[in-house]
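Sequence lines, in order, name chains V, S, R and W. Using the numbering used here, the letters of the first sequence map in sequence onto residues 84 to 327. Using the numbering used here, the letters of the second sequence map in sequence onto residues 84 to 327. Using the numbering used here, the letters of the third sequence map in sequence onto residues 114 to 334. Using the numbering used here, the letters of the fourth sequence map in sequence onto residues 114 to 334. Just so it is clear, CB atoms sit at the ideal spot from N, CA and C, and this is done for glycine as well.
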Amino acid sequence: MDKTLPDLATAVAGIKDGATVMIGGFGGSGAPIELIHALIDRFVATGHPRDLTVVNNNAGNGHVGLAALIEQGMVRKLICSFPRSADPVVFTERYLAGKIELELVPQGTLAERIRAGGAGIPAFYTPTSFGTDLAQGKPVEVFDGRSYVQERWLKADVALVKAHLGDRLGNLTYRMAARNFNPLMCMAAATTIVQVSRIVAPGEIDPEAVITPGIFVQGVVEVAKPAQEETLNRMGAVYPEAAA
Amino acid sequence: MDKTLPDLATAVAGIKDGATVMIGGFGGSGAPIELIHALIDRFVATGHPRDLTVVNNNAGNGHVGLAALIEQGMVRKLICSFPRSADPVVFTERYLAGKIELELVPQGTLAERIRAGGAGIPAFYTPTSFGTDLAQGKPVEVFDGRSYVQERWLKADVALVKAHLGDRLGNLTYRMAARNFNPLMCMAAATTIVQVSRIVAPGEIDPEAVITPGIFVQGVVEVAKPAQEETLNRMGAVYPEAAA
Amino acid sequence: MKLSATQIAWRAAQDIEDGAYVNLGIGFPEMVAKFQPPGRQAIFHTENGILGFGEAPAAGSEDWDLINAGKKAVTIKPGTAFFHHADSFAMVRGGHLDVAILGAYEVAETGDLANWSTGPKGVPAVGGAMDLVHGAKRVAVITDHVTKDGKPKLVQRCSLPLTGVGCVTRIYTSHAVIDIESGHFVLREKLAGLSFDELQSMTGATLHAPQPVADLVAPSL
Amino acid sequence: MKLSATQIAWRAAQDIEDGAYVNLGIGFPEMVAKFQPPGRQAIFHTENGILGFGEAPAAGSEDWDLINAGKKAVTIKPGTAFFHHADSFAMVRGGHLDVAILGAYEVAETGDLANWSTGPKGVPAVGGAMDLVHGAKRVAVITDHVTKDGKPKLVQRCSLPLTGVGCVTRIYTSHAVIDIESGHFVLREKLAGLSFDELQSMTGATLHAPQPVADLVAPSL
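Below is the structure:
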């Protein structure tokens with residue numbers, strides 16, 4: 084078994100119109116920029132995929148990565164906790180114009196809903212958001228005298244994830260705080276596609292150091308020197324470049 | 084801040100009569116034998132603690148560790164998934180004589196209930212045990228056409244845990260499959276006491292390699308060459324030795 | 114004439130695809146791992162937190178921190194990963210395993226399985242069985258076709274406490290390979306020397322055979 | 114005369130015990146980390162998966178995989194640990210943090226907090242605030258005592274969308290330190306040059322002072 088994919092275009096070829104796509108990262112850290120850009124390339128060339136529901140903590144920054152995906156008009160709905168950034172103009176304009184739907188979820192609830200999706204837990208209770216607008220319409224139950232909100236799992240058709248090392252069985256490590264939502268999204272998607280800085284042979288990752296075991300991964304593609312969103316934005320980058 | 088404890092007796096000194104005590108390990112792997120034996124020593128000397136509720140995957144094996152704790156009559160109730168072993172006579176005799184209470188929990192549900200206790204999730208739904216005797220009396224709810232059983236979190240007053248390396252801030256690593264329930268129990272107890280093979284300085288554990296961050300740990304005690312239950316039992320060991 | 118336990122395990126192993134993630138129940142099902150067809154490599158999961166473990170070590174070289182769910186010593190191999198119990202059962206409950214192969218006291222034509230309790234006497238123990246039956250994409254059972262007393266283990270409704278409801282999809286027995294489809298036992302393979310009627314008489318619910326039934330064959334092992 | 118933002122942060126920092134696990138909300142509260150009293154070392158948690166991170170790196174030496182929840186570059190130090198978002202919020206929701214210090218639009222005498230939305234206009238963003246208010250053992254707010262328009266931020270009932278119900282226990286403002294106990298604002302410290310009546314007039318709900326009120330003092334910073 085070898086989960087290695089030959090290139091980025093192959094990695095994103097199977098994503099369909101209307102798909103729910105989880106995209107890893109917190110801001111730029113751990114964001115799979117190259118996979119996102121490959122998806123944009125495919126859309127520019129073919130008009131697909133579109134009408135995507137995207138799950139990410141944020142709503143993109145500047146004009147690269149997730150912001151560029153939104154700017155292309157590929158995203159119908161965004162599920163996130165914090166759609167603000169240093170330069171959130173792409174999302175903000177579309178949102179205020181009613182061109183993109185937003186489901187706002189508290190960050191810990193977002194993480195737990197994704198984990199629940201991956202762990203086969205259809206619903207759970209959390210104190211978070213009790214008594215607030217974000218709990219509207221959700222069942223409330225009292226346990227041991229305290230009120231909790233019922234939240235549902237979140238699953239996806241595809242997860243696009245950035246990791247550090249990956250072996251051909253899909254075992255992954257991450258780099259510092261670039262871990263964030265990535266391991267959870269690996270668990271919650273029917274198909275998890277991972278860009279890694281280096282593909283290594285099985286056994287090169289210490290079994291103790293594996294953060295995402297390969298069972299959660301369907302494809303691994305090597306991007307040797309991944310771009311960092313923060314760096315691209317400081318250079319004023321726009322993707323695709325022709326759009327600049 | 085230094086969470087290092089001077090010795091095993093100090094480590095177990097605070098455990099009260101009637102306490103709920105989570106004990107890590109799966110069979111002998113990851114079982115904190117020396118902490119358990121220190122607790123037995125205290126009971127032999129003082130008559131306390133007793134009437135404990137113990138949470139463990141199993142019910143002990145032979146006459147050391149958890150089995151010895153049960154044999155001393157210190158355990159009122161056991162919450163576990165699999166009270167069988169190569170030599171389960173200690174638990175079996177007491178159970179069949181009605182001298183110890185058993186709450187049998189499917190293994191994955193046990194793990195998830197402990198994690199939920201640590202993560203502030205008072206209840207969750209699982210397909211596990213639906214339609215079986217182990218779901219009796221539990222709320223059932225249908226999500227997306229499938230039936231699920233509501234399970235409650237599990238918390239403890241104290242967790243006794245075995246890890247491999249620990250620093251004085253309580254950051255921990257484990258050794259192979261000795262990880263099992265230990266990281267979860269660290270999260271779910273008000274006071275988590277860990278025996279480690281070696282106490283190292285903060286920074287000696289790679290931040291990427293920390294499995295249990297120190298926030299979940301209250302005390303760390305060094306046991307340089309921990310005994311292995313399997314090995315003790317093959318030698319026919321009995322604890323305390325006087326009982327042999 | 115009937116298949117031995119080893120031969121039943123061999124037969125079950127033939128249906129495991131290359132690269133499949135597989136959990137083998139403790140005891141008899143563990144034997145399935147030995148019979149992977151050439152060129153195929155399944156990745157074995159054990160509840161206590163190892164994916165992709167290797168064979169048993171030589172006697173005397175066991176590391177008792179490296180055991181499987183049956184508390185038997187195993188080994189690591191390239192690609193092994195360790196994780197804690199909550200992650201382990203996320204793999205199970207979350208539907209990430211391809212196959213779980215379990216033993217059985219009884220299997221009903223409804224797919225119900227009873228394999229954890231023989232009743233109120235004795236000490237009950239469930240382990241990971243109730244999680245596994247609701248997790249793997251395919252839940253198969255390997256079992257003798259009848260009990261030691263000659264009573265059917267494949268029944269209309271289980272008489273023993275259930276492990277799971279409607280969860281089993283295929284049964285490998287000492288005499289046959291049977292799928293469970295829409296609440297029916299559907300016969301796929303039977304021993305060549307055994308008539309349909311003979312097999313039916315050993316089975317506690319109606320056997321259906323909408324398609325030709327293949328011969329159940331296994332090598333001498 | 115009133116305390117500057119820096120001085121409010123300083124005052125809040127004086128109440129953080131040695132070894133406390135602390136989450137500082139993004140923006141203004143981050144400043145609290147700078148003012149730990151000598152001999153005390155808190156361990157800082159950030160939602161995006163770091164415990165025990167260090168100060169900001171020198172400009173130009175940032176690693177953008179090593180950021181805090183405010184997306185600012187930080188550093189590691191001995192004892193740092195990385196983890197994923199579910200584990201991070203297990204720390205929060207599970208009650209493992211000792212202190213969370215957050216900003217506020219409004220705080221009610223009931224302990225209700227509003228700090229995530231100024232109403233239906235604009236883009237709403239909540240981040241980890243709703244989790245933090247239900248997780249930490251002590252939830253404190255640092256804020257100017259009044260808005261830029263001079264309106265009270267400490268009120269009877271919040272008019273803006275709530276972040277959490279009955280969650281705040283202490284408020285550090287530009288003019289006072291106030292506890293919330295049993296649905297009341299209880300004054301603990303106020304600026305020496307400010308009378309009780311003056312402070313009450315800037316506050317949207319009744320101030321109680323069952324014990325002597327200490328002077329609120331902070332060094333020039």
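Using only the alpha-carbon positions, how far apart do residue i and residue j sit?
i, j, result
"V/VAL147", "S/ALA260", "42 Å"
"S/GLU184", "S/THR103", "13 Å"
"S/MET157", "S/LEU91", "18 Å"
"S/ALA327", "R/GLU160", "Because the pLDDT at S/ALA327 is just 48, under 50, the model does not fix this residue reliably, and the point stays unresolved."
"S/VAL321", "V/PRO296", "39 Å"
"R/GLN120", "S/LYS160", "43 Å"
"S/PHE213", "R/VAL278", "7 Å"
"W/TRP229", "S/GLY191", "37 Å"
"W/ALA146", "W/ALA322", "30 Å"
"V/PRO266", "W/HIS197", "7 Å"
"S/ARG262", "V/PRO290", "12 Å"
"W/SER287", "W/LYS266", "11 Å"
"V/ALA218", "W/ALA242", "14 Å"
"S/THR175", "R/VAL236", "7 Å"
"V/ILE298", "V/VAL172", "38 Å"
"W/ASP292", "W/GLU302", "10 Å"
Under DSSP, the beta strand (DSSP E) around residue i begins and ends at which residues?
i, result
"R/ALA213", "212-215"
"V/PHE174", "Where V/PHE174 is concerned, there is no enclosing beta strand (DSSP E), although the alpha helix (DSSP H) it sits in stretches over 172-179."
"R/LEU179", "Where R/LEU179 is concerned, there is no enclosing beta strand (DSSP E), given that its DSSP letter is neither H nor E."
"R/ILE291", "289-294"
"V/MET187", "Correcting the residue identity first, residue 187 of chain V is Leu in this sequence and not Met. Looking at the DSSP string, the run of the beta strand (DSSP E) that includes V/LEU187 is 184-187."
"V/ALA206", "206-209"
Tell me, please, which residues DSSP counts as bridged to residue i.
i, result
"V/GLU305", "V/VAL279"
"V/ALA239", "V/ALA272"
"S/ARG229", "S/PHE226"
"W/LEU327", "The residue asked about is misnamed: residue 327 of chain W is Ala in this sequence, not Leu. Note: W/ALA327 sits in a beta bridge opposite W/GLU302."
"W/PRO233", "Paired residue(s): none; W/PRO233 is not in a bridge."
"V/THR136", "V/THR103 and V/LYS160"
"W/HIS258", "Answer is none; W/HIS258 lacks a bridge partner."
"W/VAL268", "W/ALA221 and W/GLY317"
"V/GLU313", "None; V/GLU313 has no bridge partner."
Does any C-beta atom of chain W lie closer than 9 Å to the C-beta of residue i?
i, result
"V/ILE298", "no"
"V/PRO222", "no"
"S/GLY110", "no"
"V/ARG159", "no"
Is the Cβ of residue i closer than 9 Å to any Cβ of chain S?
i, result
"R/LEU179", "yes"
"W/GLN154", "yes"
"W/PRO151", "no"
"W/ILE163", "yes"
"R/MET243", "yes"
"R/LEU137", "no"
"W/ALA169", "no"
Residue i lies in the alpha helix (DSSP H); which residues open and close that run?
i, result
"V/GLN148", "Before going further, note that residue 148 of chain V is Gly rather than Gln in the sequence given. Taken as a continuous stretch (DSSP letters only), the alpha helix (DSSP H) holding V/GLY148 covers 148-154."
"V/ALA194", "190-202"
"R/MET243", "242-245"
"V/ARG125", "116-129"
"W/VAL205", "198-206"
"R/ILE121", "118-126"
"S/LEU340", "No statement about residue 340 of chain S is possible, as the shown extent of chain S runs from 84 to 327 and does not include it."
So residue i and residue j are in contact, right, with Cβ under 8 Å, and what is the actual spacing, rounded?
i, j, result
"W/VAL246", "W/THR276", "6 Å"
"S/ASN139", "S/GLY181", "Not quite, the Cβ-Cβ distance comes to about 20 Å (not below 8 Å), so this is no contact."
"S/GLN278", "S/PRO309", "7 Å"
"W/ALA150", "W/ILE255", "Per the sequence shown, the amino acid found at residue 150 of chain W is Pro instead of Ala. About 16 Å separates the two Cβ atoms, so there is no contact after all."
"V/GLY274", "V/VAL241", "It is Thr, not Gly, that sits at residue 274 of chain V in the sequence shown. With 8 Å as the limit, V/THR274 and V/VAL241 qualify as a contact, their Cβ atoms being about 5 Å apart."
Compare the C-beta of residue i against all C-beta atoms of chain R and say whether one is closer than 9 Å.
i, result
"V/ALA327", "Bear in mind that the predicted position of V/ALA327 carries a pLDDT of just 48, short of 50, making it too unreliable to give a figure here."
"V/GLY286", "yes"
Within 9 Å (strictly less), CB to CB, does residue i reach chain V?
i, result
"W/HIS209", "no"
"R/ILE189", "yes"
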